[in-house]
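The next block holds one structure in the form of structure tokens; read it before the comments.
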Amino acid sequence: MIELRDVRKAFGRQQVLDGLDLTVEAGSSYAVMGPSGSGKSVLLKHVIGLLKPDSGRVLVAGHSVPELHREELRDLRRDMGYLFQHGALINWLSVFDNIALPLRETTAMGEEEVRGRVEKVLGQVQLSGTDDKYPSEISGGMQKRVGLARALVTEPSVILYDEPEAGLDPGMSQAISELMRQIQTELEMTSLVVTHSDRCARIVADRLGIFEKGRFLVEGTPAEVLDSDHPRVREFLGPKRS
Ligand SMILES: Nc1ncnc2c1ncn2[C@@H]1O[C@H](COP(=O)(O)OP(=O)(O)O)[C@@H](O)[C@H]1O
Ligand SMILES: [Mg+2]
């Protein structure tokens, strides 16, 4: 479970998180939508402990993240996957080695077990056989799926996605969203997804929150929120789709 309580964070005079509350139940998926530059990535960085709040509580699986010591934080992060906003594949490593990286860096797994895990996750993202390719040799959609595979390879119980559908065409965005949902339910992961796509939110999430001015403006099921008549929500999302 992920819990944030009355979290505040400012950079200089800019109050980015302003009394933010969030609960993501264990094994469920929560989507965050909100304007660019509003603090969604900052929110994710608090969950993995890259940023500390000025005040308030950040709990992951019962651990108070800002209070963890370096080693404890490293242990907790082993159980968390993070898909970066810009994929962040390493260009001089093959697809296989990119995906194997978190296993080699954070576990004592032997090469045979590493190979087994990487092949399994490559199959899950439907990229079997691309092991030896380099990031520059595959399409943007495939790179995204490699990033997804790398986030999943440690079979984390918590996964964070920062705009997983950004830069993908609608068909690929839908395919990635369906894949995220399938794997999240299969592995019963607790997942937090920042997205700009209402379609993605409808597919991946049990709950959706609209983030604005440092906290959540409305929350509910994706259908409740996306079809809400709340004036600020409509201003942000535009007219309802039929
Ligand atoms: N480490 C940092 N130092 C100073 N300002 C930051 C830092 N990280 C983010 N910000 C600022 O916080 C605001 C929110 O950023 P961000 O969370 O990246 O927005 P988004 O909702 O688009 O993900 C932006 O104005 C950004 O410039
Ligand atoms: Mg961002």
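If you read the sequence shown in the working numbering, its first letter stands for residue 1, the second for the next number, and so on. Cβ coordinates follow ideal geometry from the N, Cα and C atoms, glycine included.
Cβ-Cβ distance between residue i and residue j below 8 Å
i, j, result
"R150", "T106", "no"
"G49", "V65", "yes"
"L17", "P53", "yes"
"V125", "V153", "no"
"D206", "S28", "yes"
"M109", "L101", "no"
"V233", "L217", "yes"
"A61", "M1", "yes"
Neighbourhood of residue i by C-beta distance below 8 Å, restricted to the same chain and skipping five residues each side
i, result
"S19", "The residue asked about is misnamed: residue 19 is Gly in this sequence, not Ser. Closer than 8 Å at Cβ, skipping near neighbours: D6, V7, R8, G56, G214 and R215."
"D132", "S94, V95 and F96"
"L44", "Y82, L160, D162, L192 and V194"
"R145", "V125, Q126, L127, I176 and L179"
"H63", "E72 and L76"
"A173", "The residue asked about is misnamed: residue 173 is Ser in this sequence, not Ala. For S173, where only same-chain residues beyond five positions count, the Cβ hits under 8 Å are E165, S197, R199 and C200."
"Q184", "S29, I159, S191 and V204"
Supposed contact pair residue j and residue i - C-beta distance, whole angstroms, cut 8 Å
i, j, result
"T195", "V24", "14 Å between Cβ atoms; not a contact."
"G147", "A201", "Contact doesn't hold; Cβ gap of about 19 Å is too wide."
"V193", "I210", "That pair is no contact at about 14 Å."
"L68", "L76", "6 Å"
"D198", "S41", "Going by Cβ atoms, the distance from D198 to S41 rounds to 19 Å, so no, they are not a contact pair."
"G140", "G167", "6 Å"
"V204", "R181", "5 Å"
"L22", "L51", "Wrong, their Cβ atoms sit about 15 Å apart, outside the cutoff."
Own chain partners of residue i with C-beta closer than 7 Å, once the 5 adjacent residues on each side are dropped
i, result
"S38", "F211 and E212"
"I90", "N98"
"A10", "V16 and D54"
"S228", "V218"
"E188", "G27"
"G34", "K40, I210, F211 and E212"
Own chain, CB closer than 6 Å to residue i, minus 5 neighbours either side, in chain order
i, result
"S128", "L122"
"P156", "D79, M80 and G81"
"W92", "none"
"P135", "L89, N91 and Q143"
"P222", "A201, R202, A205 and L208"
"G116", "none"
"E235", "none"
"T130", "V95"
Please go through the region 145-194 and give each complete beta strand (DSSP E) segment of 3 or more residues, from N-terminal end onward. 158-162 and 190-194
Going along the chain, which unbroken runs of the alpha helix (DSSP H) with 4 or more residues stay wholly within the region 72-137? 95-106 and 111-124
Pick out every residue whose C-beta is nearer than 5 Å to a heavy atom of ligand 1: which are they, in chain order? F11, V16, S36, G37, S38, G39, K40, S41 and V42
Completely contained alpha helix (DSSP H) runs for the region 205-232, where each covers 4 or more residues: 222-226
Could you tell me which uninterrupted beta strand (DSSP E) segments, each at least 3 residues in length, are contained entirely in the region 10-47, listed from first to last along the chain? 14-24 and 29-33
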